[in-house]
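Here the structure is laid out as structure tokens; the discussion comes afterwards.
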Amino acid sequence: MNIDFTQAHRFAVYFTPPPGSAWWEAGSRWLGRCAATNTALAQPPIAHIAPELQQQLTAEPRRYGWHATLKAPFALAEGVSLDALREALREIASSFTAFDMQPLMVRRLGSFLALCADGDNAAINAVASACVTGLDTLAAPLSPDELKRRRHKGVLTIQEDALLVRWGYPYVLECYRFHLSLTGNLNGLHVSTVDHLEQAAQAWFGALPPCRFDGLALFCEPAKGADFVFVERWELWA
2 MNIDFTQAHR FAVYFTPPPG SAWWEAGSRW LGRCAATNTA LAQPPIAHIA
52 PELQQQLTAE PRRYGWHATL KAPFALAEGV SLDALREALR EIASSFTAFD
102 MQPLMVRRLG SFLALCADGD NAAINAVASA CVTGLDTLAA PLSPDELKRR
152 RHKGVLTIQE DALLVRWGYP YVLECYRFHL SLTGNLNGLH VSTVDHLEQA
202 AQAWFGALPP CRFDGLALFC EPAKGADFVF VERWELWA
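Here's what the structure looks like:
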């Protein structure tokens, strides 16, 4: 993968399992792409769902790579270097200790399926909030077009819209919900198709050991519209 990360269109801060780990491999295979190598992967077959439909239903999360968002995609502010972003992430990672997450379960969030950590997620929320607030000065403000696009991706509450204007994304801080997306929009599908997807996902991920929240990952969008790729990962070690 020959990419000049310093020239990337946008960056994003994610939670991801370590590349090469069981959780990384399982999630990357489910989506059909490894973001660390930017290569396509064979997806696990799902009973009663054609491979072509499976590819279609996982296309949106596949573009972003296997992850849970901590800070949504952003461009660097004028005069901010990739090295400055790396240093800020290193400092945030050094402020937190790794921990075991609650069991990850398949849930339907609005129009899509995702793995969610049920129960008390205060530790996850603290890391996510630190990424949003701690990196804010390094991110360029949203353009009017970007603001409009993020508003149109969902029906926002007054609170969510205020968060979008202030922090560049509506689902942060008190409106944040940790999740790893498994599909794109499932609206309009027959209920049995959604059931097959949900059952297959629970079986695929349910066999894995507990997932540990132990690092922050930086991804980038090399050019506008390109697939996001893994850049670097920092272990939590406070």
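Those letters in the sequence shown? Residues 2 to 239, by the numbering used here.
Ideal Cβ placement from N, Cα and C applies to all residues, glycine included.
Segment contact flag, the region 111-129 with the region 212-221, C-beta cutoff 8 Å, min 3 pairs: These segments touch.
Chain-order list of residues whose beta-carbon lies under 8 Å from that of Ala60 (same chain, five-residue window excluded): Taking the sequence shown and counting its residues from 1, the one referred to as residue 60 is at position 59. Closer than 8 Å at Cβ, skipping near neighbours: Gly185.
Buried versus exposed, by CB contacts within 10 Å (16 or more), Ala48: For this step, residue 48 is matched to residue 47 along the sequence shown. So Ala48 counts as exposed.
Cβ-based neighbour list, Ser82, same chain, cut-off 6 Å, excluding 5 preceding and 5 following: Counting from one through the sequence shown, the residue named residue 82 turns up at place 81. Excluding positions up to five away in sequence, the list is empty.
Contact belief for Pro74 with Ala13 at Cβ below 8 Å, rounded distance in angstroms: Your numbering for residue 74 matches position 73 in the sequence shown. Your numbering for residue 13 matches position 12 in the sequence shown. Right, their Cβ atoms sit about 4 Å apart.
With 16 other Cβ atoms within 10 Å as the buried cut-off, status of Thr17: Taking the sequence shown and counting its residues from 1, the one referred to as residue 17 is at position 16. Buried.
Supposed close pair Ala9, Pro223 - CB separation, criterion 8 Å: The sequence position of residue 9 within the sequence shown is 8, counting from 1. The sequence position of residue 223 within the sequence shown is 222, counting from 1. So it is a contact: roughly 5 Å between Cβ atoms.
Supposed close pair Ala141, Glu236 - CB separation, criterion 8 Å: Position 140 of the sequence shown holds residue 141. Position 235 of the sequence shown holds residue 236. In fact, because the Cβ distance is near 28 Å, the residues do not count as touching under 8 Å.
Exposure label - Val166; buried when at least 16 CB within 10 Å: The residue given as residue 166 occupies position 165 in the sequence shown. By the neighbour-count definition (other C-beta atoms within 10 Å, threshold 16), Val166 is an exposed residue.
Span of the alpha helix (DSSP H), counted from its first residue to its last, around Ser82: As a working mapping, residue 82 is identified with position 81 in the sequence shown. Here Ser82 belongs to no alpha helix (DSSP H), and DSSP marks it neither H nor E.
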